[in-house]
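For reference, the structure discussed in these notes is given below.
There are 2 protein chains.
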Amino acid sequence: MRYRVGLETRTRILEATRDLVAAQGLEKTTIKAICEKAGILVGSFYNLFDSKEEAILTVVADAIRAVGPDGDGEASLHELVDAYVDFVENSEATARVYLMVAVSGGLTDDGIRARMLRHHEQRIELFSRALRAARPEMDEEEVRRRMESLLAALNGMAFHRLLDPSFEFRKYARGLLEIGA
Amino acid sequence: MRYRVGLETRTRILEATRDLVAAQGLEKTTIKAICEKAGILVGSFYNLFDSKEEAILTVVADAIRAVGPDGDGEASLHELVDAYVDFVENSEATARVYLMVAVSGGLTDDGIRARMLRHHEQRIELFSRALRAARPEMDEEEVRRRMESLLAALNGMAFHRLLDPSFEFRKYARGLLEIGA
DNA sequence: TTCTAATTTGATCGTGCACTCAAAGAAACC
DNA sequence: GGTTTCTTTGAGTGCACGATCAAATTAGAA
Numbered sequence: 001m002r003y004r005v006g007l008e009t010r011t012r013i014l015e016a017t018r019d020l021v022a023a024q025g026l027e028k029t030t031i032k033a034i035c036e037k038a039g040i041l042v043g044s045f046y047n048l049f050d051s052k053e054e055a056i057l058t059v060v061a062d063a064i065r066a067v068g069p070d071g072d073g074e075a076s077l078h079e080l081v082d083a084y085v086d087f088v089e090n091s092e093a094t095a096r097v098y099l100m101v102a103v104s105g106g107l108t109d110d111g112i113r114a115r116m117l118r119h120h121e122q123r124i125e126l127f128s129r130a131l132r133a134a135r136p137e138m139d140e141e142e143v144r145r146r147m148e149s150l151l152a153a154l155n156g157m158a159f160h161r162l163l164d165p166s167f168e169f170r171k172y173a174r175g176l177l178e179i180g181a
Numbered sequence: 182m183r184y185r186v187g188l189e190t191r192t193r194i195l196e197a198t199r200d201l202v203a204a205q206g207l208e209k210t211t212i213k214a215i216c217e218k219a220g221i222l223v224g225s226f227y228n229l230f231d232s233k234e235e236a237i238l239t240v241v242a243d244a245i246r247a248v249g250p251d252g253d254g255e256a257s258l259h260e261l262v263d264a265y266v267d268f269v270e271n272s273e274a275t276a277r278v279y280l281m282v283a284v285s286g287g288l289t290d291d292g293i294r295a296r297m298l299r300h301h302e303q304r305i306e307l308f309s310r311a312l313r314a315a316r317p318e319m320d321e322e323e324v325r326r327r328m329e330s331l332l333a334a335l336n337g338m339a340f341h342r343l344l345d346p347s348f349e350f351r352k353y354a355r356g357l358l359e360i361g362a
């Protein structure tokens, strides 16, 4: 990286990278394509990023952050579920990136796998807090079991929604709450 | 492809391809690595496959087939769930390949996406038949809704199991049956 | 053993990729 | 206008990959 500014260009590069990764996957996304989409030439890319990997990792880190948990610990289960649905519906490109990294990265790279498991654990914790608040009498083991199931189901549904835009993710997600909690 | 035999070599190539894809992903799997693992040289590979793509597609098709549905329509819900858990536990490499293709392929390639949706639909149908048999009084909409939820949750759990070998997939999968059906 | 067809070998090729860098061009300040 | 600092340009490099093929080797039938 030769210079440290050019912030607007940097943003365009990251947006282009995110959209291309969402559409084509991590490996098929080339520097040339990123630059074309961002309206710059190769050299400019390397003024702002040391490597293709750095740009992609930035996008990926943003995606993981976007999934949460951002909860202050006060949100209800219903709100948490709705927030996840909102995220998938409104930030589709980012959600796609997250899912691809979670699966392809998680299954093939030990570092990413560890990170994904940690992230997952935090979400379980956040959801469990919400359920405990609503049902203080419930057994602790039972709380965790239900939230692990709920999150697995939500993730499975999110994936299905990204494959099939006609899938009514919100309806099914809310249905999960009625049955399981 | 110049010749049609060499069956044992072909099998070794496909096994090597499957294991490498399961460990490294679709794109990072190179012809060189496949050949090394299979104990052959590049030329032999091209005597039996027209391209790298053909070998990978063969492995992928096998993986999709291995997930099912193979049901004769008579299996109970419990048996179907157990069979899926068995598949993930006992054919881990194949399960990994399936999951990677479903996600990375499904999200980036229209052909694969259509195929995945068709495959998913067949599984929903198979599971729904089992639930209808056990609970004939249940509303048809309700049956489908529950089986879509169940399969989403199973897929999410299968993924988690592949990330984290200590995750007790079978226990959680059976727990789903108690709650949802 | 001889002959033929099946199979393997490995050097070689072309392509597309990530990445470099010297030079040109803008912007900001005096 | 002059000077410096920031930013873009795009031809160029090297490398790894998928793929090719003529020649060597092996297997089996006659």
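Line by line, the protein sequences are chains A and B.
In terms of the numbering used here, the first sequence opens at residue 1 and continues consecutively.
In terms of the numbering used here, the second sequence opens at residue 182 and continues consecutively.
Backbone N, C-alpha and C define an ideal beta-carbon position, used for all residues, glycine too.
Under the 8 Å criterion on CB atoms, G206(B) is classed as interfacial with respect to chain A. Around the CB of L222(B), fewer than 16 other CB atoms lie within 10 Å, so the residue is classed as exposed. Scanning its chain for C-beta atoms nearer than 6 Å, with the 5 sequence neighbours on each side dropped, one finds around A203(B) the residues A274, R277 and V278, in chain order. At least 8 Å separates the beta-carbon of I56(A) from that of L7(A).
If only complete runs of 4 or more residues are kept, the segment 8-65 of chain A shows the alpha helix (DSSP H) at 31-38 and 42-48, in order along the chain. Spatial neighbours of L107(A) in its own chain (CB-CB distance under 8 Å, excluding positions within 5 residues in sequence) are listed in chain order as R113.
The segment 81-93 of chain A makes no contact with the segment 133-145 of chain A; the number of CB pairs closer than 8 Å stays below 3. For A75(A), there is no enclosing alpha helix (DSSP H), since its DSSP letter is neither H nor E. DSSP places S166(A) in the coil class of the three-state scheme, outside both helix and strand.
For a Cβ distance threshold of 7 Å, residue set A152 of chain A lies close to M338(B), ordered along the chain. In the same chain as L312(B), and ignoring 5 residues on each side of it, the C-beta atoms closer than 8 Å to its own belong to L258, M319, V324, R327, M328 and A362, in chain order. One Cα belongs to L261(B), the other to R246(B), and the distance between them is close to 15 Å. A Cβ-Cβ separation of about 31 Å leaves V101(A) out of contact with A133(A) under the 8 Å criterion. Not flagged as an interface residue toward chain A: I215(B), since no C-beta distance is shorter than 8 Å. Interface flag for L280(B) against chain A is set, since a Cβ pair is found closer than 8 Å. Residues of the same chain with a CB within less than 8 Å of the CB of K32(A), apart from the 5 flanking positions on each side, are V42 in chain order. Any Cβ of chain A closer than 8 Å to the Cβ of R294(B) would place that residue at the interface, and such an atom is present. Taken residue by residue, none of the segment 237-254 of chain B has a beta-carbon sitting less than 9 Å from a beta-carbon on chain A. DSSP, reduced to helix, strand and coil, places M100(A) within a helical segment of the structure shown.
Using a CB distance below 7 Å, the part of the segment 137-151 of chain A facing chain B consists of R145, E148 and S149, ordered along the chain. Taking the beta carbon of T30(A) as reference, no residue of chain B falls within 8 Å; the closest one sits roughly 12 Å away. Contact between R161(A) and F167(A) holds: their C-beta atoms lie close to 5 Å from each other, under 8 Å. Residue contact check for Y265(B) against chain A: no CB pair falls below 8 Å.
Any Cβ of chain A closer than 8 Å to the Cβ of I221(B) would place that residue at the interface, and such an atom is absent. In this chain, the alpha helix (DSSP H) harbouring G111(A) covers D110 to A134. Close partners of D110(A) in chain B (Cβ separation under 7 Å) are lacking, with about 11 Å as the shortest Cβ gap. Between G105(A) and N336(B), the gap from beta carbon to beta carbon reaches 8 Å or more. Short of 8 Å from the beta carbon of R351(B), and not among the five residues preceding or following it, lie these beta carbons of its own chain, in chain order: D263, V266 and E270. Here R299(B) is exposed, its C-beta having fewer than 16 other C-beta atoms within 10 Å. Considering only beta carbons, the part of the segment 86-97 of chain A lying closer than 8 Å to chain B consists of R96, in chain order. Our two residues, F308(B) and L48(A), have alpha carbons roughly 52 Å apart in a direct line. Sixteen is the threshold: when 16 or more other Cβ atoms of the shown chains lie within 10 Å of the Cβ of T17(A), as they do, the residue is buried. In chain order, R326, E329, S330 and A333 make up the part of chain B whose C-beta sits under 8 Å from the C-beta of Y172(A). Listed by position along chain A, the residues whose Cβ is nearer than 7 Å to that of L343(B) are L107.
With respect to the 8 Å criterion, L280(B) and M116(A) are not classified as neighbours on the basis of their beta carbons. The beta carbon of S285(B) sits closer than 8 Å to some beta carbon of chain A.
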